[in-house]
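Chains as they are written, first to last, in the numbering used here: chain P, 1 to 410; chain W, 1 to 129.
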């Protein structure tokens with residue numbers, strides 16, 4: 001099996017509203033693709049295939065056949081094979097994985113991966129209905145009604161709280177942390193927002209309840225955005241004379257699919273999602289605590305808590321303790337008096353889905369690009385010191401499709 | 001091409017298909033201060049001195065119009081409008097960053113929101129002053 005490396009990538013500013021710019025998902029895909037080519041300085045003629053991660057452009061924008069925008073990135077890309085991947089919020093990770101598996105299998109040596117979503121095309125109510133396609137729409141919509149996803153994850157939070165005794169204020173720790181991280185990310189959607197722990201902890205006019213126990217601050221954003229990476233084989237690195245040891249490599253991955261409806265899953269354990277993480281660590285021959293940083297799917301604050309436990313960063317029921325310890329907060333943000341902790345793994349250094357933003361189909365690619373920036377020390381003010389091993393976890397639906405990937409450099 | 005022998009004046013009225021005209025009329029009254037002018041067969045007409053909107057019962061088509069913009073006199077009024085719309089929980093675009101240029105580099109500033117049928121509305125200040 002061939003090794004897979006990342007040569008570089010790019011992303012858009014998640015604060016933008018494409019409709020206000022008179023632009024569409026086409027422009028997002030082209031812009032992100034060009035950024036990856038500019039970053040890597042690769043001749044586009046070297047790119048042999050392309051993937052596009054996207055959840056629901058068909059309903060958000062009435063545009064599909066998204067692979068056909070890849071030739072518009074550069075005329076030299078006209079004619080290469082492309083594929084569009086979809087698995088709700090995990091669409092982006094699947095695009096990375098598809099490109100990686102092409103390289104592992106020896107089909108291609110250079111693959112352009114783009115993830116993109118344009119969501120600000122309709123009202124919140126209509127948009128939430130489009131997002132409902134990520135759930136078991138025809139069976140769960142009658143039960144949960146409008147704004148299905150906050151309600152599904154509100155239910156997960158209720159189950160978690162009943163089992164482990166966590167509180168709303170505990171969930172607020174995740175929201176506060178991720179908003180604080182976003183202030184260090186110049187492309188984060190909520191970089192200019194101020195969220196105090198006090199405001200995040202209680203229902204107020206500024207922070208109304210959405211689906212108890214979740215409040216607005218517990219929710220990810222509606223975002224227009226795209227991200228990209230260029231995956232290459234070791235053979236290609238040899239060809240261009242690049243040092244493999246200094247290049248970010250995919251060390252392991254796991255990909256699982258559970259039943260679609262929430263009530264057929266074992267919340268809050270999510271044993272099927274857990275298998276994805278176990279497979280990734282087994283393949284990488286590493287343990288969760290070998291990681292120096294992680295990008296974790298935080299579509300809601302409760303998701304990050306549950307993900308800590310799925311990924312083995314915390315024991316079952318101990319996710320809240322982990323976030324409250326400050327171990328998942330960047331040292332730049334954490335109270336300096338707390339000093340060095342015995343175990344530190346900054347999670348969602350750029351703000352995560354809650355504060356960096358969540359352009360659904362782009363998120364999994366954005367997470368991998370964040371890992372790339374961290375591992376190549378290009379993360380600026382949010383840089384995790386000495387990051388060598390990095391975890392990304394992207395999932396779709398109510399923990400239906402899960403993709404865990406372990407990345408590293410020497 | 002023959003010269004058009006007239007110039008359009010201000011907007012008289014336009015019609016919008018909405019799910020529930022009476023419910024929509026109440027929203028326009030609360031959100032934009034428009035008053036009920038009269039009822040007709042399948043709907044309600046609302047308006048002020050500048051415009052009348054005929055809300056008739058039908059299938060909403062927000063994508064058919066994209067958006068509609070009304071001018072406000074100055075930025076102070078636009079900011080007051082934002083506070084008001086927030087206070088009644090209107091579905092505003094770009095929460096936390098609601099007021100912005102009409103387009104990249106545009107001097108005209110606006111804010112955008114959706115009514116209960118998904119139609120997209122804009123309030124803007126020409127020149128942004």
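Even for Gly, the Cβ is constructed at its ideal location relative to N, Cα and C.
Within-7 Å CB hit, residue i to chain W
i                      : result
residue 411 of chain P : Outside the shown range of chain P (1 to 410) lies residue 411 of chain P, about which nothing can therefore be said.
residue 38 of chain P  : no
residue 178 of chain P : no
residue 21 of chain P  : yes
residue 266 of chain P : no
residue 32 of chain P  : no
residue 17 of chain P  : yes
residue 276 of chain P : no
residue 170 of chain P : no
residue 193 of chain P : yes
residue 298 of chain P : no
residue 126 of chain P : yes
C-alpha distance - residue i paired with residue j, whole-angstrom precision
i                      : j                      : result
residue 12 of chain W  : residue 65 of chain W  : 17 Å
residue 229 of chain P : residue 11 of chain P  : 9 Å
residue 245 of chain P : residue 283 of chain P : 18 Å
residue 259 of chain P : residue 400 of chain P : 6 Å
residue 31 of chain W  : residue 57 of chain W  : 20 Å
residue 138 of chain P : residue 186 of chain P : 40 Å
residue 81 of chain P  : residue 407 of chain P : 26 Å
residue 391 of chain P : residue 350 of chain P : 14 Å
residue 208 of chain P : residue 72 of chain P  : 43 Å
residue 301 of chain P : residue 55 of chain P  : 21 Å
residue 19 of chain W  : residue 182 of chain P : 40 Å
residue 192 of chain P : residue 239 of chain P : 44 Å
residue 39 of chain P  : residue 74 of chain P  : 14 Å
residue 204 of chain P : residue 291 of chain P : 37 Å
residue 124 of chain W : residue 106 of chain W : 11 Å
residue 170 of chain P : residue 324 of chain P : 8 Å
residue 188 of chain P : residue 15 of chain P  : 6 Å
residue 89 of chain W  : residue 296 of chain P : 31 Å
residue 298 of chain P : residue 365 of chain P : 15 Å
residue 35 of chain P  : residue 9 of chain P   : 7 Å
residue 250 of chain P : residue 82 of chain W  : 47 Å
residue 348 of chain P : residue 178 of chain P : 7 Å
Beta-carbon contacts of residue i that lie in its chain and below 8 Å, excluding the five residues immediately before and after
i                      : result
residue 145 of chain P : 151
residue 17 of chain P  : 120 and 224
residue 247 of chain P : 5, 6, 7, 237 and 409
residue 29 of chain W  : 35, 36 and 46
residue 48 of chain W  : 33, 34 and 35
Any C-beta of chain P under 7 Å from that of residue i
i                      : result
residue 105 of chain W : no
residue 20 of chain W  : no
residue 12 of chain W  : no
residue 118 of chain W : yes
residue 127 of chain W : no
residue 96 of chain W  : yes
residue 108 of chain W : no
residue 84 of chain W  : no
residue 71 of chain W  : no
Contacts around residue i, its chain only, beta-carbon distance under 7 Å, and the 5 residues preceding and following it disregarded
i                      : result
residue 275 of chain P : 254 and 256
residue 108 of chain P : 48, 49 and 102
residue 215 of chain P : 203, 207, 208 and 209
residue 27 of chain W  : 115 and 116
residue 267 of chain P : 156 and 159
Contact belief for residue i with residue j at Cβ below 8 Å, rounded distance in angstroms
i                      : j                      : result
residue 213 of chain P : residue 168 of chain P : 5 Å
residue 60 of chain W  : residue 17 of chain W  : 6 Å
residue 135 of chain P : residue 398 of chain P : 6 Å
residue 66 of chain P  : residue 84 of chain P  : 5 Å
residue 52 of chain P  : residue 30 of chain P  : Actually they do not touch by this definition, with Cβ atoms about 11 Å apart.
residue 132 of chain P : residue 141 of chain P : 6 Å
residue 252 of chain P : residue 281 of chain P : 6 Å
residue 118 of chain W : residue 62 of chain W  : 4 Å
residue 123 of chain P : residue 114 of chain W : 4 Å
residue 28 of chain P  : residue 113 of chain P : In fact, because the Cβ distance is near 14 Å, the residues do not count as touching under 8 Å.
residue 175 of chain P : residue 200 of chain P : 4 Å
residue 346 of chain P : residue 293 of chain P : 5 Å
Close Cβ partners of residue i (< 6 Å) along its chain, the five nearest in sequence each way excluded
i                      : result
residue 122 of chain W : 67, 69, 110 and 112
residue 180 of chain P : 333
residue 381 of chain P : 184
Exercise. Taking one C-beta from the segment 116 to 131 of chain P and one from the segment 59 to 71 of chain P each time, how about it: are there three or more such pairs within less than 8 Å?
Worked result: With a cut-off of 8 Å, the segment 59 to 71 of chain P and the segment 116 to 131 of chain P count as touching, because enough Cβ pairs lie within range.
Problem set entry | Segment contact, 8 Å Cβ cut-off, at least three pairs: the segment 162 to 182 of chain P with the segment 298 to 318 of chain P | Touching, per the Cβ criterion.
Exercise. Taking three-plus beta-carbon pairs below 8 Å as touching, is the segment 82 to 101 of chain P in contact with the segment 355 to 370 of chain P?
Worked result: Verdict: yes, contact present.
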